[in-house]
Amino acid sequence: MNPYVLTILLSSLGLGTVLTFASTHWLLAWMGLEINTLAIIPLMARQYHPRAVEATTKYFLTQATAAAMILFASTTNAWLVGEWDIQQLTHPIAVTTAMLALALKVGLAPVHFWLPEVLQGLDLTTGLILSTWQKLAPFALMLQVAPTVNSSLIVTLGLLSTLVGGWGGLNQTQLRKILAYSSIAHLGWMVLIMQFAPSLTLLSLIMYIIMTSSAFMTLKTNNSLTINALAISWTKAPTLAALAILVLLSLGGLPPLSGFMPKWLILQELTKQGLPMSATLAAMTALLSLYFYLRLCYAMTLTIWPNTLAATTPWRLDFTHTTLPLSLVTILALGLLPLTPAVAALLNL
1 MNPYVLTILL
11 SSLGLGTVLT
21 FASTHWLLAW
31 MGLEINTLAI
41 IPLMARQYHP
51 RAVEATTKYF
61 LTQATAAAMI
71 LFASTTNAWL
81 VGEWDIQQLT
91 HPIAVTTAML
101 ALALKVGLAP
111 VHFWLPEVLQ
121 GLDLTTGLIL
131 STWQKLAPFA
141 LMLQVAPTVN
151 SSLIVTLGLL
161 STLVGGWGGL
171 NQTQLRKILA
181 YSSIAHLGWM
191 VLIMQFAPSL
201 TLLSLIMYII
211 MTSSAFMTLK
221 TNNSLTINAL
231 AISWTKAPTL
241 AALAILVLLS
251 LGGLPPLSGF
261 MPKWLILQEL
271 TKQGLPMSAT
281 LAAMTALLSL
291 YFYLRLCYAM
301 TLTIWPNTLA
311 ATTPWRLDFT
321 HTTLPLSLVT
331 ILALGLLPLT
341 PAVAALLNL
């Protein structure tokens, strides 16, 4: 892609998100979301592959539907209440419609069906943008809308997402689909606590972005798209393969890795709020996710690639692209747990 075009598209991605962050009026927020969507579409379709075009079309239709629902919810609220302010979304119909539209935007269950299919059709770099940056603007709106939403709806969305995210990834062989279901499960954890401790949702989102960035960059460096391709990553880059296993376990939420921090604090907060059953269910669905992360670890470390295969040998060449961003996010994805007391004090938990 032409570097000037790429610069314009990436600038528009940033502009759309910042516009939504800065807005207090529904129309301005909607405009930011639309700029965001229109900027990523050329990046998604740049491969000239039928799967990429199909994924782009699905993404566009889904996002357009969600944007139309947001516009409908805000217009309904303005008609019935007389307010365009994001924080003044008070009418029950408008609030519920807006929340479901934003859930469709980010890919929460039960409106998650587009996310694995779209992510599967993209290359890993665009998939990384879709899984991280594209979640920021809708989440900024969700955090502002959440206080007026029915808490039963939010908890149901959260628990259903953690369950679907764990259950859906069990039978997958494609790494991008596994990461898509991992994304759905993590989003469920964030939404679950959104009404009770918004600061924890923000912490979970930051940790999710760090760990997912590390996972995507690792797969891109290894050029792995399926579980079978992971089996040869050990011979290509042994150190990276060892660290990738730890990153996957961090995504699963195992101590003493960084991914344990948000899960621990969320379960603690849910118990404080008198929701022990929700906390128990969330913890049990985390085991489903952990199973498929362990499956990836097994494929990486305990399986030997057949040497008699009539295929091109993956030569161990020097990397031509920079590994500094990968190193930074991997360190953060593995070593932030000791900062938990400081984070808890900072967030007044």
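Here the sequence shown stands for residues 1 to 349, where the numbers follow UniProt numbering.
Cβ atoms here follow ideal geometry from the backbone N, Cα and C, with glycine treated the same way.
Asked                                                                                                                                                                 : Found
Answer with buried or exposed for residue 82, where buried requires no fewer than 16 other C-beta atoms within 10 angstroms of its C-beta.                            : exposed
Could you tell me which residues DSSP puts in a beta bridge with residue 85?                                                                                          : 25
Measure the alpha-carbon distance for residue 264 versus residue 5 and round it to whole angstroms.                                                                   : 43 Å
Flag residue 44 as yes if its beta-carbon sits less than 8 Å from any beta-carbon of chain C, otherwise no.                                                           : Within the model displayed, chain C is absent; a lone protein chain is all it includes.
Here's a check: name, in chain order, each residue in its chain whose Cβ is nearer than 6 Å to the Cβ of residue 111, leaving out the five neighbours to either side. : 103, 104
Which word fits residue 277, buried or exposed, when buried means at least 16 other C-beta atoms lie within 10 angstroms of its C-beta?                               : exposed
How big is the Cα-Cα spacing for residue 116 and residue 23?                                                                                                          : 30 Å
According to the neighbour-count rule (16 or more other Cβ atoms, all chains shown, within 10 Å of its Cβ), is residue 32 buried or exposed?                          : buried
Are the CB atoms of residue 322 and residue 234 within a distance shorter than 8 Å?                                                                                   : no
Rounded to whole angstroms, how far is the Cβ of residue 271 from the Cβ of residue 240, which I believe are closer than 8 Å?                                         : Going by Cβ atoms, the distance from residue 271 to residue 240 rounds to 38 Å, so no, they are not a contact pair.
Buried or exposed: where does residue 353 fall if 16 or more other Cβ atoms within 10 Å of its Cβ makes it buried?                                                    : Outside the shown range of the chain, which is 1 to 349, sits residue 353, and nothing can be said about it.
Is there contact here, the stretch 7 to 18 with the stretch 38 to 49, by at least three beta-carbon pairs under 8 Å?                                                  : yes
Assign residue 174 to one of three DSSP states: helix, strand, or coil.                                                                                               : strand
Going by other Cβ atoms of all chains shown within 10 Å of its Cβ, with 16 needed for buried, is residue 87 buried or exposed?                                        : exposed
Between which two residues does the alpha helix (DSSP H) holding residue 56 run?                                                                                      : 50 to 80
Measure the beta-carbon distance from residue 180 to residue 247 and round it to whole angstroms, keeping in mind my assumption that it falls under 8 Å.              : Contact flag wrong, Cβ pair sits at about 17 Å.
Can you check which of these residues, 245, 218, 114, 262, is closest to residue 200 by C-alpha distance?                                                             : 262
Please return the same chain residues whose Cβ sits closer than 8 Å to the Cβ of residue 69, not counting the five positions on each side in sequence.                : 97, 98, 100, 101, 104
What's the gap between the Cα of residue 148 and the Cα of residue 226?                                                                                               : 42 Å
Would residue 51 be called buried (16 or more neighbouring beta carbons within 10 Å of its own) or exposed?                                                           : exposed
With respect to the alpha helix (DSSP H) encompassing residue 157, which residues constitute its N-terminal and C-terminal limits?                                    : 151 to 168
Which of the three DSSP states, helix, strand or coil, is assigned to residue 322?                                                                                    : coil
Hey, would you say residue 118 sits closer than 8 Å to residue 185, going by beta carbons?                                                                            : no
Can you tell me where the alpha helix (DSSP H) holding residue 250 begins and where it ends?                                                                          : 238 to 252
Am I right that residue 121 and residue 158 are in contact with their C-beta atoms under 8 Å? What's the rounded C-beta distance?                                     : About 27 Å; that fails the 8 Å criterion.
Taking only the alpha-carbon atoms, compute the straight-line gap between residue 208 and residue 182 and give it to the nearest angstrom.                            : 10 Å
Give the C-beta separation of residue 63 and residue 90 to the nearest angstrom, bearing in mind that I take them to be a contact with Cβ-Cβ under 8 Å.               : Not really, about 26 Å apart at Cβ, beyond 8 Å.
DSSP three-state call for residue 303: helix, strand or coil?                                                                                                         : coil
Need the endpoints of the alpha helix (DSSP H) that residue 142 sits in, please.                                                                                      : 133 to 145
Confirm, please, whether the CB-CB distance from residue 204 to residue 190 is below 8 Å.                                                                             : yes
With DSSP as the reference, please indicate the residues paired to residue 226 in a beta bridge.                                                                      : 174
Contact between the stretch 124 to 137 and the stretch 160 to 180: three or more CB pairs below 8 Å?                                                                  : yes
Could you give the first and the last residue of the continuous alpha helix (DSSP H) run that contains residue 100?                                                   : 92 to 106
Just checking my contact of residue 303 with residue 231 at CB under 8 Å: how many whole Å lie between their CB atoms?                                                : 5 Å
Residue 60 to residue 341, Cα distance in whole Å?                                                                                                                    : 42 Å
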